[in-house]
Amino acid sequence: MLKSLLNSELMKAVANRGIPEIEEETCDKCGTKNTYKVNDDGTRELVIKCDCHLRELVRADKKRMQQRKINYYFNQSLINPDLKKASFKNNDIDLEKASPEIYNAYKVASNFCKEFSKQNPKTIVIQGDTGTGKSFLAFSIARYLKDKGNTVLFIDNVELLSLIKASFNKKNDDTEEKIMRLVSEVDLLVLDDVGANKQTDWACEKLYEITNKRQGLNTIYTTNLDIINEMPSDFMLKRAYSRICNGATFLTLDGADRRMQ
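Residue numbers for the sequence shown follow my numbering, so the first one is 69 and each next one is one higher.
Below is the structure:
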């Protein structure tokens, strides 16, 4: 009797103070409760969501963080302005009329993109004379895989060495350690124009370090050199080229200089 009277008095106090009525419902999916405020007109307003909503927020936040990471790595790329629009869609080569070498190169590149896996990494070496489209094809792969949610870094070998040298300046925010970490962490590294730099002992050592860090990771190298048949005598450079060749698929792009057409 006393309890009933107290509850009645409590409800009056709640009503007088304007405290809203609350209802709860158990979510069929996660088993936790959704809490609703009941308005004066009988409609309900969701005020505390079940764990399903929290999980969606967490998933969305993870997706945003991953996209920021993808953009960060790609924005560190050092890309020739002429390449920035390169993609499979913008390719002007008629593959039906192309040479067997070019047709095969694009077929392998397409399969590499479709089958891309961090668990089953592959190395591709794209070689050929100047202007045959090596960098165009490599950047097309890079763009495609970046758009598919992978971390990708495309960087010219000469520019990379210059960047490492510049890091020796104490006023430079980029340290060699930071640069090498970027090179070794990405899902796909494209190292463009290997062998175009002056082959000093220091440059050969850095190329070896990079190729060694990329063992067991998806990597694409482009070069004007015939790496297999023109193995250098320099010990460190020979080791670097050996790392590049290890398990690699070699693609050759032939034909005239496309830049001159």
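Glycine included, each C-beta is placed from N, C-alpha and C at the ideal position.
Fair warning: this is a prediction, and the values are worked out from it, not measured in the lab.
| query | result |
| --- | --- |
| With Val262 as the anchor, note down where its beta strand (DSSP E) starts and where it stops. | Leu256 to Val262 |
| Here's the rule I'm using: 16 or more other beta-carbon atoms within 10 Å means buried, otherwise exposed. How should Ser301 be labelled? | exposed |
| Please state whether the Cβ-Cβ distance between Val220 and Leu319 is less than 7 Å. | no |
| Pull up the distance between the alpha-carbon of Thr103 and that of Tyr140, whole angstroms please. | 40 Å |
| Using CA atoms only, rank isn't needed, just tell me which of Leu151, Asp109 and Ala308 is closest to Arg223. | Reading the sequence as shown, one finds Ile at residue 223 and not Arg. Per the Cα distances, Leu151. |
| Taking all protein chains shown into account, decide if Phe204 is buried (16 or more other Cβ within 10 angstroms of its Cβ) or exposed. | buried |
| Tell me the rounded alpha-carbon separation between Glu227 and His121. | 46 Å |
| Lys216 to Glu89, Cα distance in whole Å? | 48 Å |
| Would you tell me roughly how many angstroms separate the C-alpha atoms of Val254 and Ile247, rounded to the nearest one? | 11 Å |
| Give a yes or no on whether the C-beta atoms belonging to Ser235 and Thr243 are separated by under 7 Å. | yes |
| Do you know how far the Cα of Glu93 is from the Cα of Lys182? | 45 Å |
| Could you tell me the boundaries of the beta strand (DSSP E) in which Lys105 lies? | Lys101 to Val106 |
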